[in-house]
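Under our numbering, think of the first position of the sequence shown as 585, with each following residue one higher.
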Amino acid sequence: KPFGTIFLNLVKFIVVPVVLFSIMCGIISMSDIKQVGSVGLKTVVFYLCTTAFAVSIGLFFGSIFHNLFPVVATTDLSYEVKGSLSLMDTIVNIFPSNFVQPMVEANMLQVIVMALILGFAIILVGEKTHRVVSAFNDFDAIFMKCMEMVLSLSPIGVFCLLCPVIAVNGPKIIGSLAMVLLAAYIAYLAHAVVVYSLTVKLMGGLSPIKFFKGMLPAIMFAFSSASSVGTLPINMECTEKLGAKKEIAAFVLPLGATINMDGTAIYQGICAIFIASCYGIHLTLGQMLTIILTATLASIGTAGVPGAGMIMLAMVLTSVGLPVDGIALVAGVDRIFDMGRTTVNITGDAACTIVVSNLEAKKQAKLAARS
């Protein structure tokens, strides 16, 4: 139990700086807002929209399987429900009134908004900020390394977290994990088949069957490695063979490995429902909307390394007042979740590349016809 608590404390410690610096550096890397242009706008809009769809699908399937999830809360994981805010209060409260307070209180929505404001401000100030940009990039690298160090402890930490839970709840928790995994993989499949097939066909001008067949090497590698970044070279090769322009793939796919986390969003939605169920908490509509908003914005700061989804789940749980300790209930099978969600993530990156490439080709054709 003490070792599990230490691991959980380290996860909580790393969440805020990772989100803050990764989002800021992601925005800063675009260098000039005007330079981002139509490709950047299309890419970001596509990623955010599909992520919002993904977390909604996760909440939907989590709600369907809700009755199969147990109402369990151990003494070690006891928690008192916090009063829920109205939707308007939630919107007002995402804007921080203090620079330090959001980081001290780990108010994730406020941290994200703060990172967005600072990132865009740095771009607008221009070349004067080159030293600040360099420092932020260094901090980003440092905290990413810290995250890797924390995640390297996850086998021991997860074991120590899970043992007390299983000792108290036994087969009830083991059985429920099987149902959570089933719900997650059905949601993964539904999102890939419905959302990506439709977008690739209607906006990308490509047959869904041809798309998934062409993506098979990247899908297999992503499933086995559980790393979006590791799959990047194979994903680039697959999308180029499917007809995407090389320069668009080179921009869209690395960006997607950082901000497009559809599989992770599905995972967060389902796990939030499951963890709430274990504590006998019924999520309100306002809380579900907060989860959708938080998971969508949080996807920008989700690092493309194995196991990072667990850190982002801590962020989502915190945003709606659910106990972060509840991660212990799903952490034991996080690697199994991660294999599926990484596969969805990289498939979404490829779908966006095909769509943006096709839309840009049509735009260029129209401009050429006019001239």
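Idealized CB from N, CA, C, for every residue including glycine.
Residue i and residue j closer than 8 Å at C-beta
i    : j    : result
A879 : V784 : no
I854 : V778 : no
A856 : L816 : no
M804 : C822 : no
P907 : Y863 : yes
F807 : M923 : yes
I876 : S647 : no
F630 : V939 : yes
V628 : A690 : no
I832 : S941 : yes
V602 : M728 : yes
T937 : L837 : yes
V717 : I701 : no
I818 : A802 : yes
Q871 : V904 : yes
L869 : A860 : no
For residue i, the nearest candidate out of the options (CA to CA)
i    : options                   : result
C730 : I598, K797, P907 and V939 : I598
D918 : V939, C633 and F743       : F743
T926 : G847, P680 and V595       : G847
L913 : M845, M894 and K794       : M894
D722 : I911, S606 and T902       : S606
V534 : M787, M608, I832 and S622 : Look at the range of the chain in this structure, 585 to 955, and you will see that residue 534 is not part of it.
F683 : C633, V676 and M698       : M698
A773 : I859, L708 and I850       : Inspection of the sequence shows that residue 773 is occupied by Leu rather than by Ala. Cα-wise, what sits closest to L773 is I850.
K596 : L625, F858 and D909       : D909
F587 : V716, P739 and K830       : P739
L881 : A638, S809 and L594       : A638
V928 : H866, G916, V688 and S781 : S781
L901 : F921, G916 and T874       : T874
L625 : G827, K950, A953 and E944 : E944
K829 : F921, A952, Q948 and T713 : Q948
M899 : K946, L652, F720 and M687 : M687
C747 : A915, D933, A953 and F921 : A915
V623 : L839, F921 and H775       : L839
I911 : F858, L951, F720 and G789 : F858
L790 : G827, L632 and P680       : G827
Presumed contact (8 Å Cβ cut-off) between residue i and residue j, rounded CB distance
i    : j    : result
G703 : I611 : 3 Å
F591 : L761 : Not confirmed; about 19 Å, so no contact.
M787 : T635 : Rounded, the Cβ-Cβ distance is 17 Å, inconsistent with contact.
L897 : V734 : Actually they do not touch by this definition, with Cβ atoms about 14 Å apart.
A767 : F649 : 4 Å
Going along the chain, which unbroken runs of the alpha helix (DSSP H) with 4 or more residues stay wholly within the segment 686 to 718? 692 to 709
Please list the segments of the alpha helix (DSSP H) lying wholly inside the segment 751 to 814, counting only runs of 4 or more residues, in order along the chain. 755 to 774, 781 to 786, 792 to 798 and 800 to 809
Every unbroken alpha helix (DSSP H) inside the segment 875 to 936 [4 residues or more]: 892 to 903 and 912 to 915
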